[in-house]
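Visitor: Right, I'll just put the structure down here and ask away after.
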Amino acid sequence: MTAHQRIASLPHHCTFTEGEWRALARHWYPIAYSDEVAGKPLARTLLDQPLILYRTTGRQIVVARDLCIHRGVPLHLGWQEGDELVCAYHGFRYGTDGRCTKVPAQPELPIPRNLCLETYPTVERGGLIWTCLGPDPSSSATVPDWPELEDPTYRMLHDPPPEWDVTAGRQLENFIDVGHFSWIHAGTFGNRERPEVAPYDVVRTPSGFHVEYPYLAVNTAASALGTETTIERWMVYDLHLPLACRLMIDYGEGRRHCIFDAPTPVSRRRTRIFFFIARNFDHHVPARQLLDWENSILAEDKPIVESQRPEELPVDLSEEFHIRSDRFATQFRAAMRDLGLGANYSA
Ligand code: FES
Ligand SMILES: [Fe+2]
């Protein structure tokens, strides 16, 4: 049975309802940056499922359940030898397809076919490693197409992906919220003098939503442009359901600065944030300076989003209060509801 045919089993200690988990597990999520997986296996958790991932000698990525099925020991306590994982407890070895290849205590006996780790499909693209726990051939779930990440004229920059005590839905909604810049971001690019949110259109696309929005931002000397000016940023959002978004900021004359946000649900209320940038100009500016600037903006969002109650994003639109500037968020919530992400809450 291949990973594509298997009906995924719920993780131990699952914090989601079964319906929410199955709805979320049909989709793809980034679990690591490519450069995090080099030399030794990496342990990550997706939707409460502990995973181990490693790179083979042929540079393929293998993602498997991080649990030896002999006596339930996490495989990240062991090591990688060639293209195989070796369990620390009794030395069982597992190959790239998950099958056990060696039981050192009884080398003369055949190895049962079902002595096999669960493995998951992977896509490595643009510096990110994506996986899907419960692939559903009838679903249209895909990995977003972000050409800037494979375009050599762009420089892609990221820090290690942090974990926040938030639900992924609340974090993504914060990323697409155009009404908060003049308030919590007044310390970076927000313009306190211009809190009005002009009407904007939300366009449905095959994979999500497209929104274009102009914002008169303040650029401090520490900003991405490094000029002390007020400048109209043309902000173009492309949201790929359920939980990934590219924001392209067009500074004119072909200068583009893209910010990507892909919150990966670790558990119901804990999220690993894949937040990274790609820009096609000013390649002389040190990476650290650009990342520090983006991180200072993210640090303004974090305490707000971690404090929101209820923690789960309400997908019932009769909950909370919506104003005109929330159109993007309300359509996002409705789409999450339509994906079956909970009667009342999404991840
Ligand atoms: S628990 Fe892994 S080999 Fe025994
Ligand atoms: Fe923000």
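Going by numbering that gives the first Met the number 0, the sequence shown opens with residue 0, and the numbers climb by one from there. All residues carry an ideal CB built from backbone N, CA and C; glycine is no exception.
Mind the definition here: the region 156 to 176 touches the region 261 to 272 only if three or more C-beta pairs lie below 8 Å; say whether that holds.
Guide: Result yes; three or more Cβ-Cβ pairs closer than 8 Å.
Visitor: Beta-carbon separation of Pro-73 and Asp-65 under 8 Å?
Guide: Yes; because the gap between Cβ atoms is below 8 Å, this pair is in contact.
Visitor: Tell me whether Ala-2 sits in a helix, a strand or coil according to DSSP, three-state version.
Guide: Confidence at Ala-2 is low in this model, with a pLDDT of 44, below 50, so its placement is unreliable and the value that follows should be read with caution. In this structure, Ala-2 counts as coil in the three-state DSSP scheme.
Visitor: Excluding sequence positions up to five away, which residues of its chain have a Cβ less than 6 Å from the Cβ of His-239?
Guide: Contacts found: Pro-143, Ser-206, Gly-207.
Visitor: Evaluate the contact criterion for the region 297 to 307 versus the region 169 to 180: three or more CB pairs, one atom per stretch, below 8 Å.
Guide: Touching, yes.
Visitor: Do the CB positions of Leu-340 and Glu-19 come within less than 8 Å of each other?
Guide: It is a contact, given that the beta carbons lie within the stated cut-off.
Visitor: Could you check how far apart the C-beta atoms of Gly-97 and Glu-117 are, in whole angstroms? I think they sit under 8 Å.
Guide: Indeed they touch by this definition, with Cβ atoms about 7 Å apart.
Visitor: Kindly indicate the opening and closing residues of the alpha helix (DSSP H) around Pro-262.
Guide: Looking at the DSSP string, Pro-262 is not in any alpha helix (DSSP H); the run it does join, the beta strand (DSSP E), is 255 to 266.
Visitor: Under a three-way DSSP split, which group does Arg-193 fall into?
Guide: The answer is coil: DSSP assigns Arg-193 none of H, G, I, E or B.
Visitor: Please state whether the Cβ-Cβ distance between Ile-303 and Ile-183 is less than 8 Å.
Guide: Yes. Within cutoff.
Visitor: For the alpha helix (DSSP H) holding Pro-302, just list the boundary residues, first then last.
Guide: 286 to 306 is the extent of the alpha helix (DSSP H) around Pro-302.
Visitor: In whole angstroms, what is the alpha-carbon distance linking Val-210 and Tyr-236?
Guide: Straight-line Cα distance between these residues: approximately 5 Å.
Visitor: Just how far apart, CA to CA, sit Leu-50 and Ile-230?
Guide: Distance between the alpha carbons of Leu-50 and Ile-230: 44 Å.
Visitor: Between the Cα of Met-155 and those of Pro-194, Arg-245, Val-202, Arg-92, spot the shortest distance and give me the residue it belongs to.
Guide: When only C-alpha atoms are compared, the closest one is Arg-245.
Visitor: Give a yes or no on whether the C-beta atoms belonging to Arg-287 and Ser-138 are separated by under 8 Å.
Guide: Contact flag unset, no.
Visitor: Assuming contact is defined by CB atoms lying nearer than 8 Å, are Thr-27 and Thr-141 in contact in what I supplied?
Guide: Here the sequence assigns Trp to residue 27, which means Thr is not the residue at that position. Contact: yes.
Visitor: Since Tyr-214 contacts Arg-232 with CB under 8 Å, what's their CB separation in whole angstroms?
Guide: The Cβ separation is near 5 Å, so the contact holds.
Visitor: Between Leu-41, Ala-37, Asp-47, Phe-331, which has its C-alpha nearest Pro-10's C-alpha?
Guide: Nearest C-alpha to Pro-10: Asp-47.
Visitor: Tell me where the alpha helix (DSSP H) around Pro-168 begins and ends.
Guide: A small fix is needed here, since residue 168 is Gly in this sequence, not Pro. Residues 167 to 174.
Visitor: Provide the residue(s) that pair with Glu-83 in DSSP beta bridges, ordered along the chain.
Guide: For Glu-83, which the question treats as bridged, DSSP gives the partners Glu-80.
Visitor: Hey, quick one: how far does the alpha helix (DSSP H) through Ile-183 stretch, first residue to last?
Guide: Its alpha helix (DSSP H) spans residues 180 to 183.
Visitor: Got a sec: does ligand 1 put a non-hydrogen atom nearer than 7 Å to the Cβ of Gly-90?
Guide: It does: the Cβ of Gly-90 is within 7 Å (strictly closer) of some heavy atom of ligand 1.
Visitor: Could you give the residue range of the alpha helix (DSSP H) that holds Thr-329?
Guide: Here the alpha helix (DSSP H) through Thr-329 covers 326 to 337.
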